[in-house]
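For the record, in the sequence shown the residue sitting at position 120 is 120 according to full-length UniProt numbering, with numbers rising by one throughout.
We put the CB at the ideal spot given by N, CA and C, even for glycine.
What you are looking at is a predicted structure, and each value in this text was computed from that prediction instead of being measured.
Below is one structure, written out as structure tokens; comments come after it.
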Amino acid sequence: MIANRRLELTEVSLSAITGEFISYVRGLDFGGSDGGSDGMDEASAFIDVASVLIEAKSASLLPADVSGEHDESSMEALRERDLLFARLLQYRAYKEASHALRERMAHASGRYPHPGVVDDRIRGMLPELDWNVGPDELARIAARAIAAAPTDRVSVHQLHVPLVDLREQSRLVMTRLVALGEGGSSTFDELTADASGRIETVARFLALLAFFKQGAIQFRQDGPYSPLHVRWVWVDGTAVKAVLVTDGMIEEGEGA
1 MIANRRLELT
11 EVSLSAITGE
21 FISYVRGLDF
31 GGSDGGSDGM
41 DEASAFIDVA
51 SVLIEAKSAS
61 LLPADVSGEH
71 DESSMEALRE
81 RDLLFARLLQ
91 YRAYKEASHA
101 LRERMAHASG
111 RYPHPGVVDD
121 RIRGMLPELD
131 WNVGPDELAR
141 IAARAIAAAP
151 TDRVSVHQLH
161 VPLVDLREQS
171 RLVMTRLVAL
181 GEGGSSTFDE
191 LTADASGRIE
201 TVARFLALLA
211 FFKQGAIQFR
221 QDGPYSPLHV
231 RWVWVDGTAV
241 KAVLVTDGMI
251 EEGEGA
């Protein structure tokens, strides 16, 4: 239902989606041999999804405070919305893959493997095995083969995982600014000169915003499009403390 309604969150009609779901629920079996657990699970999952949608929609519709900022609960609702949509897309992809596998298994259900057999006449033409390798040499050969084997890795590119470690990027920004000493400053271009890509640049900018909100850094820009200078705040010869912000978590850290 979500996939069929490609709309902005504020335009999603929860009543229409709920109506579609109620029509779908009427066809579920709540009194089957398993006690209707499958139907109850689907109904419970919809209620969970709907609650996140309602909370996220209210957060996007309600005005921000006088400072123009949303409170933490509103931001958390929007984060839950993004994570929910990503998981729904993953669920749909895995569901389509399971259907494709089921169809292939059903199509191949009448096929059976045929064991390979060597004809006796052909077997008689094979040369005798000349086994001249001892156990120690065989162990060394096996060790070389195993050492050269590639490391087994499970690909998680299809999953919704952060592409950049925000905690690591914020720690890098903090370390570089504090290392400049009291009164020392750096430009944003210098802080991101070695960034591997745009997403890493964005992560460092988010770290600066988080530190600025805590009062740990100061900005200076002489004019529009001029270089943005950043410096860490020092009090009585000591760098102020700050927290490192990660994706959904914060970790205690010091600017010293």
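Worksheet entry | Beta-carbon proximity check, phenylalanine 211 vs alanine 242, cutoff 8 Å | Yes, the pair counts as a contact, with Cβ atoms nearer than the cut-off.
For valine 233 and alanine 216, which I take to be in contact (beta-carbon distance under 8 Å), what is that distance rounded to the nearest angstrom? Contact flag correct, Cβ pair sits at about 6 Å.
Rounded straight-line distance, which links the Cα of aspartate 41 to that of glutamine 90 = Cα to Cα, glutamine 90 sits roughly 19 Å from aspartate 41.
Inset, instruction - Could you check the C-alpha separation between leucine 138 and leucine 126 for me, to the nearest Å? - result: One C-alpha to the other measures close to 23 Å.
As a quick exercise: from Ala43, His99, Ala50, Glu182, pick the residue whose alpha carbon is nearest that of threonine 238. If we check each option's Cα against that of threonine 238, Glu182 comes out closest.
Phenylalanine 205 to alanine 195 span [Cα, whole Å]: When rounded, the distance between both Cα atoms is 11 Å.
Inspect the beta-carbon positions of serine 185 and valine 235 and report whether they are closer than 8 Å. Not in contact: serine 185 and valine 235 (Cβ atoms no closer than 8 Å).
query: What do you reckon, are the CB atoms on isoleucine 176 and leucine 166 nearer than 8 Å?
result: The residue asked about is misnamed: residue 176 is arginine in this sequence, not isoleucine. Between arginine 176 and leucine 166, the C-beta spacing is not below 8 Å.
By alpha-carbon positions, which one of Thr201, Leu209, Gln214, Thr187 ends up nearest to proline 227? Put simply, of Thr201, Leu209, Gln214, Thr187 the residue whose alpha carbon is nearest the alpha carbon of proline 227 is Thr187.
task = Output the distance between the C-alpha atoms of arginine 92 and glycine 27, rounded to the nearest integer angstrom.
result = Arginine 92 and glycine 27: Cα-Cα distance of roughly 21 Å.
| According to DSSP, residues forming a beta bridge with alanine 203 | Residue pairing of alanine 203 in beta bridges, as defined by DSSP: absent, with no partner found.
Q. Distance, Cα to Cα, alanine 100 vs aspartate 120?
A. Rounded to the nearest angstrom, the two C-alpha atoms are 42 Å apart.
* Give the straight-line distance between the Cα atoms of serine 15 and isoleucine 22, rounded to the nearest whole angstrom. => Isoleucine 22 has its alpha-carbon roughly 10 Å from the corresponding atom of serine 15.
**Neighbour-count burial assignment, arginine 111, 16 or more Cβ in a 10 Å radius** = Sixteen is the threshold: since fewer than 16 other Cβ atoms of the shown chains lie within 10 Å of the Cβ of arginine 111, the residue is exposed.
What three-state label does DSSP hand serine 186 in the structure shown?
-> Looking at serine 186 - three-state DSSP - the assignment turns out to be strand.
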